[in-house]
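In UniProt numbering, the protein residues as written are 1 to 739. Cβ coordinates follow ideal geometry from the N, Cα and C atoms, glycine included.
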Amino acid sequence: MEKFLAKFNHSQASSSTNGNPSSLIDDLNLDSLEADPGKRVPIAHYNNPRIKDEVRKHYIQKGSCQPQMDSYPPTKIGKRVRQFCKIWFEGPYSKWLEYSVEKDSVYCLCCYLFKDDFFHGSTSEFYTKTGFRSWNRALERFRKHVGDVNSIHNKCFNKMLDLSNHHQSIQVVIDKHSQKVKNEYRMHLEASIDVSRLLLQYGLPFRGHDESESSINQETLKAIIGDLNGDYFGILVDESKDISHKEQMALVLRFVNKNGEVVERFIGLVHVSDTSACSLKKAIYSLLSVHSLSPSKIRGQGYDGASNMKGEINGLKTLIMKDSPSAYYIHCFAHQLQLTLVAIAKKHLDVEDFFDHVSNVLNVVGGSFKRRDLLRDHQAKKLEQLFESGEVQKGQGLHQERGLQRPGDTRWGSHFKTLDSFIVIFSSIVHVLEMIELEGSTSSDRNQAEYLLTKIKTFKFIFVLQLMLKVLAMSNELSMILQKKDQDIVNAVEFLNITKKRLQDMRENGWESLLDDVSSFCDVHDILIPKLDESYFPGKSKRKSSGVSYAHHLCVEVFFVVIDVQLQELNDRFDVVSSDLLLGMGSLNPVNSFCNFDKGKIMTLAKCYPSEFDDGKIRDLSYQLDTFIIHMRSGNPKFSNLQGIRDLAKALVEANLVETYSFVYLLVKLTLILHVATTTVERAFSSMKHIKNEVRNSIGNQYLNDCLVCYIERDVFRNVSNDVIIDRFQNMKTRRGQL
C-alpha cells in the first residue's frame, strides 16, 4: 500500500469531504503517521472516511505503543518517586494501554481510534488528548476506565478485529489478483522471449523489413565479456559491404576462458565511413570501450593481407602496436594458403592455361538453365547405368548431385571443389559440349564448344587436372584444419610442416602413381594417350622439337615445377614460423612428452612480452620452467598423452596448477591468443548476408548488430536464461509492476 501513497498533509485533514476521496488517499503517507500517542493528530481530523479507516488499520496493525522501559522518566510526587510500571503492559490492560515518552502519560488506543463512534462527552479525554499520569492512583483509574467503557471497549475491539480481518481479506484478494496478473504477464513475456529466441537463432525477421532496435543481445554480450573476465585477448577484424552497400567492420575476440579453452566470439558489427587504418582503429577502440575493454589488453591481431591492414608505416597493425607493443600481427594462414594457389597459376603457363579452360567450360556449360538441366539429366542417366552394371552401390547420402562451382581467388577451397566435381562429372560436361557443338543456336556457341572439347579431351589437360587436384587436396585439408575456431598457431605450424613433407614426398615418389591415374582416366573417357618417349613439340608447331621427350616435359617442366613453386610459396609466405615468437611457442608443445622443449627459446619468447615479464619475473619463470618440465615428464597420466597447446592449457586448469605454474600458463595463454585464420570474421559476413538481404535491406545498423550477435553466438544465447532477460527488461525503465 505504501508505494502507492504519498505523504499526507495534516493541514488538509479538516478540509471538506466534498473532494474526490481517491485523491485524498493518494495524499496520505502511512509511514509518516506518528507512533507516540501524545503527538498524534486526533482521529477526528481525518474527515474522509476512507482516510480514517486507513489510519485505523495502520494503528491496529502496529498495536498499542509500548516503548522500552529504559526510556520511561521518573515522576516526583512529594518525597516519593513514582513512575509508569512496565508490568502494566503485561496485565489485562495490554490491548488498549499506550505510553507516551514525550508527555510521560498513558493513553487508550481504543478511545483514540473510535471515540467519535462510541464515546460521548469527556469520559475518555484523559486517554485521548491530555493523557493520564496520576501514577499513585493508576491501577484504580485503569480499572474504573475499563468498568466505565468495558462494553464500549468490546465493541471497539470487535470493530478493530473486523477492520483487521476486512483488511486482511482485501489484501488476500489483492495479492491473489496481483499474483495472477504477474503470472499471466510473465507467461506472455516468456512466450515472447521464446519466439524471439527462435527468430534470432535462425536469423528470421520479426516484422518484415520494418524492424526496431533490440537489446536482447546485451545479455549474450554480457556473458561473453564475463567469460573473458578482463584477461588478455586477440582481435580479428575484417570489413565488407552489406546488401545496401554500407561498409561494415566486424570484430571478433579470441581469448582463453577460465576452463583453459580457446574461444573466438563475435562482439559486434560497426558501420565505417571509410576503410582507412585510422578509421578502423577508431571504430575498434570505440567498440571495445562500449564493453569496458582496454586496448592495452590486446595481445594478437588478425587481418587479411590488405595494405591498410598490414602496412608497416600506417597500417592498422602498426597503429595498434604503437599502443600495445605486444599485440603481434599474424597474416591469416588460410588466406596465405589461398594466395599460394594464385601464385602457381601466375607463375606457370600450363597451369594458367588450364584454369582458363576450366573457367570457360564453366561459363559455357552453366550459361543457361537449359544447359544446366541437360548436365543434371545426363548425370542421372549415367548413374542409373552404373547402378545397373553393379559398378556402384546405392546408399543414403551416396552419389549426391554435383554442380560446377565457379572458383574464386578469395574463396578458400573453391578451386579444389571445382576440380573435384570436374573429374566426377567429366563425361556429362563432354556430353553438354557435344550437344552445344551440334545444336548451338549460334555459330559462335558451336565453335566455342568445339574448341573447348579439343582442349579438355587431351592427355595434357587431364594430366594437369589430376596433378592440381592432388596438390589442392593437400592444401584443402590444411585449409580445413586452419579454419577451426579453437586451432592454435603451434598446431597449425605442425600441420603446415606435414603438408610440406607430403608435397616433398609426392615430388620424390608420386610421379608413377599420377601417371597411372591419368592414363586410367583417359582410357575410361576415350582420350588419346600419346607415346611419352617421343619428342615433345611445344605450342602448335610440329616441326620445332624442344629436344626433350613428352615424359620429360610432363615430369620435369610441369610436375616438378608445380610442386616446387607450391613449396617455395609456402616457405616464403609462412616465414613467421621461423621467428623467435613461433620457435618459443613451439617449445611449449606437449606432444611426445615435450620432445621440443627448449628452455632458451621459451625464455626468448617471454622477452617478447615485456609488459608481462620484467627482469624479476623472467628469473622466476626460469626457476618455474625447471620444475615444470620435471613435473610434466614424471609419468602423470594427465600430461602423458597431450596432443597440443590446447590440451596443455585445459590440463593445467583441471589439475589446479594454474597458480603453481602461473608464468608458464600465461605463456600458454598468449600462445593460444595468436590466431591462425580469420574464418570467424568471414563467417560473420556470411551471416550478415543472411540477416540483411534483399527483402530486409533497410534494417538499421544497431538492429543488424543485435541480430548478428544472437545468431552467430547461438550457443551463448541459448544459455542466457529467461529470468536474466526479464530482469534486464524490468530494469530498462520504471514499470508499474515488478515480476
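Sequence-distant partners of L33 (beyond 5 residues in either direction) whose C-beta falls short of 7 Å from its own C-beta, in its chain, are V55, H58.
The bridge partners DSSP lists for R265 are L253. In this chain, the alpha helix (DSSP H) harbouring F416 covers 414-424.
Within the same chain, and ignoring the five residues on either side of K103 in sequence, the residues whose Cβ sits closer than 7 Å to its Cβ are G38, G131. Linking F89 to V173 through their CA atoms gives a straight-line distance of about 35 Å.
Here R40 is buried, its C-beta having at least 16 other C-beta atoms within 10 Å. Taking C-alpha positions only, L113 is separated from E184 by approximately 40 Å. Annotated as distal: L200 and I267, with beta-carbon spacing of 8 Å or more. DSSP lists C108 as the beta-bridge partner residues of L97.
Between L472 and the set A345, S359, D516, the nearest pair of CA atoms involves A345. Q248 sits in a strand when the DSSP states are folded into three classes. The region 577-590 makes no contact with the region 365-379; the number of CB pairs closer than 8 Å stays below 3. Here the alpha carbons of K638 and E659 stand approximately 17 Å from one another.
If you compare the alpha carbons of G300, M249, V272, C278 with that of F255, the shortest gap goes to G300.
DSSP places Q504 inside the alpha helix (DSSP H), whose first and last residues are 489-509. Distance from the CA atom of V561 to the CA atom of L528, rounded to whole angstroms, is 25 Å. Residues of the same chain with a CB within less than 8 Å of the CB of A223, apart from the 5 flanking positions on each side, are V716, N719, V720 in chain order.
Going by DSSP, Q301 is part of the beta strand (DSSP E) stretching over 298-303. DSSP places L236 in the uninterrupted beta strand (DSSP E) bounded by 233-241.
For V195, no pairing in a beta bridge is given by DSSP. Non-local C-beta neighbours of T499 in its own chain, meaning closer than 6 Å and more than five positions away in sequence, comprise M474, L478, ordered along the chain. Sequence-distant Cβ neighbours of E694 in its own chain, meaning closer than 8 Å and more than five residues away, are I243. With a threshold of 16 other beta carbon atoms within 10 Å, E512 falls short and is exposed.
Judged by DSSP in its simplified three-state form, S294 adopts coil rather than helix or strand. With a contact defined as Cβ atoms closer than 8 Å, L269 and Q248 qualify at about 5 Å. DSSP places H357 inside the alpha helix (DSSP H), whose first and last residues are 349-365.
Between H553 and G234, the C-beta spacing is not below 8 Å. Look at F639 here: in three-state DSSP terms it is helix.
Between L652 and F574, the beta carbon gap of about 29 Å keeps them out of contact (Cβ cut-off 8 Å).
CA-to-CA, the gap between L438 and V364 works out to about 14 Å.
Taking the Cα positions, H415 is about 24 Å away from E450.
L704 and A684 have their C-alpha atoms roughly 12 Å apart. Apart from sequence neighbours up to five positions away, the residues of its chain that approach L319 with a beta-carbon distance below 8 Å are A277, C278, K281, ordered along the chain. In the three-state reduction of the DSSP assignment, F537 falls in the coil class, being assigned neither a helical nor a strand state.
Taking a C-beta distance under 8 Å as the contact criterion, L433 and L453 qualify as a contact pair.
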